[in-house]
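Residue numbers (my numbering), protein chains in the order written: chain A, 1449 to 1799; chain B, 1449 to 1799.
Idealized CB from N, CA, C, for every residue including glycine.
Source: prediction; values computed, not measured.
Single-structure report; data block below.
2 protein chains.
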Amino acid sequence: MNKKSKAPTIIDVANLAGVSRATASRALAGYGRISQETIDRVQQAATKLGYRPNEVARAMRAGKTKTIGLVVISDFTNAFFDRATKAIIDAAKQSGYQTVVSHTDENIENERQAIRTLIEKRVDGLILVPSSDVDHEHLNSENLGSTPVVLIDRKLPDLPFASITTGDYEGAIEAVNFAFDQGHRDMGFVVAVPQLVGSTTKRPNIPISTVEDRTHGFETAIKKLNINPTMVFCEDSQEGAEAAVEKMLGKSTRPTILFTSNNDMLLAVLRVAGKLGVQIGSDLSVISFDDSPWAAAMSPAITVISRPVDELGRRAVDLLMQEIRSAPRGESLVLSTTLIVRESVSKRDSL
Amino acid sequence: MNKKSKAPTIIDVANLAGVSRATASRALAGYGRISQETIDRVQQAATKLGYRPNEVARAMRAGKTKTIGLVVISDFTNAFFDRATKAIIDAAKQSGYQTVVSHTDENIENERQAIRTLIEKRVDGLILVPSSDVDHEHLNSENLGSTPVVLIDRKLPDLPFASITTGDYEGAIEAVNFAFDQGHRDMGFVVAVPQLVGSTTKRPNIPISTVEDRTHGFETAIKKLNINPTMVFCEDSQEGAEAAVEKMLGKSTRPTILFTSNNDMLLAVLRVAGKLGVQIGSDLSVISFDDSPWAAAMSPAITVISRPVDELGRRAVDLLMQEIRSAPRGESLVLSTTLIVRESVSKRDSL
DNA sequence: AGGATTTGCGAGAACGTTCTCGCATTTCTC
DNA sequence: GAGAAATGCGAGAACGTTCTCGCAAATCCT
């Protein structure tokens, strides 16, 4: 039949059906004034030719691509963004939108580049995990045009974008109080700080609101309980984390419980503990931010501060759809975390 | 300045620079005969207006969208497809392509729908994890037109598409032989079979080549060693897997080592073992398909049959680019697995 | 039955590019 | 310095849709 012939256009369909372009278009899209008879004829012609509407042409004509862009960091171990990505893609599809995904690897130049490309592709909206709280001159109307933007996971208070975040400040406080109630008085916090090299015990500036919130919540709760914490801020890598944790656990007076700012840090703690023969649970309690299937399956199962990732994704799409349809409102949403108590926190007699 | 004005087009740039559309286009794209002077003038006008080329129009004119579609199943616990997704998106970006992602949730109707939409969006190529080995009448030229397709992770021998898979058959054999060398004689295999409900010990038809390969490899190695395996085929869900595993481990004569067909099954085994007080390593050895960061961090660390996921993603894009550029060749690639020995397999004295 | 209304459809423009021509004008060649 | 060649640029078409208009034919109303 057809060897290398181009895909059939609506003109081919119209010709076969013996009508004009306009009529064929009406017949297929089902609008305007048209007789049932012609509709049937056109549809038959369309299926006969295997006609597929050209969405590019449609987008061009309509000025809408029915596509959104997702610019996200992607970390190895933490399923958080992967799951958010899935939730967003699926929710967008529900709303009739496709999703183009870009990864920044937490690099601001990649972020700039990704946004630029997506704007040129004329996505109808953008969901963005900003790489940095401070460096965001590229998020201006000059670069974005009038493309609606929804920020997730991290907030940029100076900018008028809609955003969805989680209540990590409160989540950290709840976790610390729980540990206190279980009798723990020596608490440690392992914090991964992007852009940091090596590790330090001195409180640095944290350029990511999520991590800052967690840290600040921890500090606040600790202060209120009037106990002395052990904190370490380390670079966001496997080696950096392990080195920092090893130093911490090697000391004679080590904390009885360790909080970790994300799953990478949790895994670092687990690896080091395994190496040092420290039993999680009995020897050292652990609470981590972000849940994951494996945290629940381990023995002992890890107690976590869980964040509603699926809901976050869905709500992000909802918000973006709102902004696409009507004027931007820059709404800001905070979803609560949940402390999921499992087995990794032992009860201690407080003396 | 501009309140709700549309994004500037090349005509605006041309007007501001005092040249024609064609000249402006030449100046910006840098082709054809044009003087340096006008190039400068046009570029200045472009930056002044904040001009961003409209890729939709460009795609329409060129007949190429510089976009590929990725249709992938997405499982909760298994990072495999998430990592493959990332590898593909990043590799595609390297080649100047953006990626639209769709999830099928292993549902054939979703797959059909996703492909249809992507074809209508006129993606230049498609990377696909087929939901089923048998049900693929929708993968014909009628539906695909001349869009190149690369299959990953699963092969469809009847179809002329390029494909990349991993040598899971050989991987399974290697793992079984390793277990035998460590002294294990009672081996079990927990296989997740899509579309199955409940569980069975009778060998079913497996509609996914990857899982079939793993199973077949296991069977072959076992047969050659002349030992009796314990196999259970169960539905691909948390509950189904746990029920099946619990029945298996509850028996008086339980295997000394368990192979699991994916990470979901591994987690099921871990959960049930934790519940039953069975110590992984000492009481029960374990080997799973697919590596993950947490498998390495556990105590004991899990021995796995690792698959080169990043390479798989990169090669898939390479292959697709080839097919996009020249005529389809339907090349078929198999990447080898690696047995990563960690601590979850104990040595046993074979009597 | 004759005007008013409705119905069905086609002509043409528009979306923003790029590319092919062809026409001036400049530069080269001897 | 005259013809040849090269250079710079603009006019217009094309990509595949959708939508607005307007026209003819069919139907309605009294």
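Quiz item: Should K1451 of chain B go down as buried or exposed, given a rule of 16 or more other Cβ atoms within 10 Å for buried?
Solution: Working through the second sequence from its first residue, we reach residue 1451 of chain B at position 3. With a pLDDT of 37 at K1451 of chain B, under the threshold of 50, the modelled position of that residue is not reliable, and no figure is offered here.
Exercise. Could I get the ranges of all uninterrupted beta strand (DSSP E) runs contained in the stretch 1568-1654 of chain B, with 3 residues as the minimum, in chain order?
Key: 1573-1576, 1597-1600, 1610-1614 and 1635-1640
Quiz item: Considering only the beta carbon of each residue, do G1573 of chain A and E1791 of chain A sit closer than 8 Å?
Solution: Taking the first sequence and counting its residues from 1, one reaches residue 1573 of chain A at position 125. Taking the first sequence and counting its residues from 1, one reaches residue 1791 of chain A at position 343. Not a contact, by the Cβ cut-off of 8 Å.
Quiz item: Looking at the unbroken beta strand (DSSP E) that takes in I1788 of chain A, where does it start and where does it end?
Solution: Along the first sequence, one-based indexing puts residue 1788 of chain A at 340. Where I1788 of chain A is concerned, the enclosing beta strand (DSSP E) stretches over T1786 to I1788.
Quiz item: Roughly how many angstroms separate the alpha carbons of R1418 of chain A and S1473 of chain A, rounded to a whole number?
Solution: Not covered by the structure: residue 1418 of chain A. The range shown for chain A is 1449 to 1799.
Quiz prompt | Inter-residue Cα distance where the pair is A1721 of chain A and I1621 of chain A | solution = By one-based count along the first sequence, residue 1721 of chain A stands at place 273. By one-based count along the first sequence, residue 1621 of chain A stands at place 173. The alpha-carbon atoms of A1721 of chain A and I1621 of chain A are separated by roughly 25 Å.
Quiz item: When the distance is taken between beta carbons, is T1614 of chain B closer than 8 Å to T1785 of chain B?
Solution: Within the second sequence, numbered from 1, the residue matching residue 1785 of chain B stands at position 337. Within the second sequence, numbered from 1, the residue matching residue 1614 of chain B stands at position 166. T1785 of chain B is a Cβ neighbour of T1614 of chain B, given a cutoff of 8 Å.
Practice problem: Can you give me the start and stop residues for the beta strand (DSSP E) that S1736 of chain A sits inside? | Solution: Sequence index remark: in the first sequence, residue 1736 of chain A carries index 288 (1-based). For S1736 of chain A, the enclosing beta strand (DSSP E) has its first and last residue at S1733 to F1737.
Quiz item: CB Y1545 of chain A to CB T1515 of chain A, shorter than 8 Å?
Solution: Counted from its first residue, the first sequence places residue 1545 of chain A at position 97. Counted from its first residue, the first sequence places residue 1515 of chain A at position 67. Yes, these two residues count as a Cβ contact at 8 Å.
Quiz item: Comparing alpha-carbon positions, which option in A:T1547, A:E1590, A:V1577 and A:V1582 lies nearest V1571 of chain A?
Solution: The sequence position of residue 1571 of chain A within the first sequence is 123, counting from 1. That would be A:T1547, whose Cα lies nearest to the Cα of V1571 of chain A.
Quiz item: Do you know how far the Cα of D1581 of chain B is from the Cα of L1587 of chain B?
Solution: Sequence index remark: in the second sequence, residue 1587 of chain B carries index 139 (1-based). Sequence index remark: in the second sequence, residue 1581 of chain B carries index 133 (1-based). So the alpha carbons of these two residues sit roughly 11 Å apart.
Practice problem: Report the three-state DSSP secondary structure of Q1546 of chain B (helix, strand or coil). | Solution: Your numbering for residue 1546 of chain B matches position 98 in the second sequence. Q1546 of chain B falls in the strand class under three-state DSSP.
Exercise. In the DSSP assignment, find the beta strand (DSSP E) that holds F1524 of chain A and state where it starts and stops.
Key: As a working note, residue 1524 of chain A is residue 76 in the first sequence. From DSSP, F1524 of chain A is part of no beta strand (DSSP E); its letter is neither H nor E.
Quiz item: Looking at the structure shown, is M1713 of chain B part of a helix, part of a strand, or coil, going by DSSP?
Solution: Start at 1 with the first residue of the second sequence, and residue 1713 of chain B comes out as number 265. Judged by DSSP in its simplified three-state form, M1713 of chain B adopts helix.
Exercise. Compute the beta-carbon to beta-carbon distance between V1519 of chain A and A1562 of chain A, rounded to the nearest angstrom, for a pair I have assumed lies under 8 Å.
Key: As a position in the first sequence, residue 1519 of chain A is number 71, starting the count at 1. As a position in the first sequence, residue 1562 of chain A is number 114, starting the count at 1. About 5 Å; that satisfies the 8 Å criterion.
Quiz item: Would you say E1568 of chain B faces chain A, with C-beta separation under 8 Å as the test?
Solution: Numbered from 1 along the second sequence, position 120 holds the residue referred to as residue 1568 of chain B. Yes, contact with chain A.
Quiz item: Between V1752 of chain A and S1736 of chain A, is the Cβ-Cβ spacing less than 8 Å?
Solution: Numbered from 1 along the first sequence, position 304 holds the residue referred to as residue 1752 of chain A. Numbered from 1 along the first sequence, position 288 holds the residue referred to as residue 1736 of chain A. Result yes, Cβ atoms of V1752 of chain A and S1736 of chain A sit closer than 8 Å.
Quiz item: Starting from M1769 of chain A and walking both ways along the alpha helix (DSSP H), at which residues does that stretch end?
Solution: The residue labelled residue 1769 of chain A in the question sits at position 321 within the first sequence. V1757 to R1773 is the span of the alpha helix (DSSP H), which, as asked, contains M1769 of chain A.
Self-check item: Residues, ordered as in the chain, of the stretch 1496-1525 of chain B that lie near chain A by beta-carbon distance below 9 Å
Solution: G1498, R1500, P1501, N1502, E1503, V1504, A1505, R1506, A1507, M1508, G1511, T1513, K1514, T1515, G1517, L1518, S1522, F1524 and T1525
Practice problem: Would you verify that the beta carbon of G1805 of chain B is, or is not, closer than 8 Å to some beta carbon of chain A? | Solution: For residue 1805 of chain B there is no data in the structure shown, the boundaries of chain B being 1449 and 1799.
Practice problem: Check the Cβ of A1455 of chain A against every Cβ in chain B and list those closer than 7 Å, keeping chain order. | Solution: On the first sequence, residue 1455 of chain A is found 7 positions in, with the first residue counted as 1. Those are G1593, listed as they occur along chain B.
Self-check item: Helix, strand or coil at V1467 of chain B [DSSP, three-state]
Solution: By 1-based counting over the second sequence, the position of residue 1467 of chain B is 19. V1467 of chain B: coil per DSSP, three-state reduction.
Quiz item: Below 8 Å between beta carbons: does that hold for S1594 of chain B and S1780 of chain B?
Solution: The residue given as residue 1594 of chain B occupies position 146 in the second sequence. The residue given as residue 1780 of chain B occupies position 332 in the second sequence. No, the pair does not count as a contact, with Cβ atoms beyond the cut-off.
Self-check item: Any chain A beta carbon closer than 8 Å to A1745 of chain B
Solution: Residue numbering aside, residue 1745 of chain B sits at position 297 when the second sequence is read from its first letter. Yes, A1745 of chain B lies at the interface with chain A (some Cβ there is under 8 Å from its Cβ).
Quiz item: Buried or exposed: where does R1763 of chain A fall if 16 or more other Cβ atoms within 10 Å of its Cβ makes it buried?
Solution: Residue numbering aside, residue 1763 of chain A sits at position 315 when the first sequence is read from its first letter. The residue is buried, with at least 16 neighbouring Cβ atoms inside 10 Å.
Self-check item: S1657 of chain A, enclosing alpha helix (DSSP H) - first and last residue
Solution: On the first sequence, residue 1657 of chain A is found 209 positions in, with the first residue counted as 1. First-last of the alpha helix (DSSP H) with S1657 of chain A: S1657 to L1673.
Quiz item: Whose Cβ in chain A lies nearer than 8 Å to the Cβ of E1590 of chain B?
Solution: For the purposes of this step, residue 1590 of chain B is taken as residue 142 along the second sequence, with counting starting at 1. Near E1590 of chain B (Cβ distances below 8 Å), the residues of chain A are G1498.
Exercise. Give the residues of chain A in contact with Q1546 of chain B, contact being defined as C-beta atoms less than 7 Å apart.
Key: Here residue 1546 of chain B refers to the residue found at position 98 when the second sequence is read from its first residue. Result: V1548, T1565 and K1569.
Quiz item: Any idea if N1674 of chain A is buried or exposed, counting beta-carbon neighbours within 10 angstroms, 16 or more meaning buried?
Solution: The residue labelled residue 1674 of chain A in the question sits at position 226 within the first sequence. Here N1674 of chain A is exposed. Its C-beta has fewer than 16 other C-beta atoms within 10 Å.
Self-check item: Rounded straight-line distance, which links the Cα of A1462 of chain B to that of A1493 of chain B
Solution: What you label residue 1493 of chain B is simply residue 45 of the second sequence in a count that begins at 1. What you label residue 1462 of chain B is simply residue 14 of the second sequence in a count that begins at 1. Between A1493 of chain B and A1462 of chain B, the C-alpha separation is close to 8 Å.
Exercise. Please list, in chain order, all residues of the same chain as I1459 of chain A whose beta carbon is under 7 Å from its beta carbon, the five residues on each side excluded.
Key: Position 11 of the first sequence, counted from the first residue, corresponds to residue 1459 of chain A. So the list reads R1469, once near-sequence residues are dropped.
Quiz item: Do three or more CB pairs link the stretch 1699-1718 of chain A to the stretch 1730-1744 of chain A at distances below 8 Å?
Solution: yes
Quiz prompt | Residue range of the beta strand (DSSP E) that includes T1678 of chain B | solution = One-based indexing of the second sequence puts residue 1678 of chain B at position 230. Segment T1678 to C1682, the beta strand (DSSP E) holding T1678 of chain B.
Quiz item: For the stretch 1482-1526 of chain B, which segments carrying the beta strand (DSSP E) assignment without a break, of at least 3 residues, lie completely within its bounds, in sequence order?
Solution: 1515-1520
Quiz item: On the three-state DSSP scale, how would you describe V1793 of chain A?
Solution: Translated into positions along the first sequence, residue 1793 of chain A becomes position 345. V1793 of chain A sits in coil when the DSSP states are folded into three classes, being neither helix nor strand.
Practice problem: Please say whether H1551 of chain B and K1672 of chain A have beta carbons closer to each other than 8 Å? | Solution: Along the first sequence, read from residue 1 onward, the residue named residue 1672 of chain A stands at position 224. Along the second sequence, read from residue 1 onward, the residue named residue 1551 of chain B stands at position 103. Cβ atoms of K1672 of chain A and H1551 of chain B: not closer than 8 Å.
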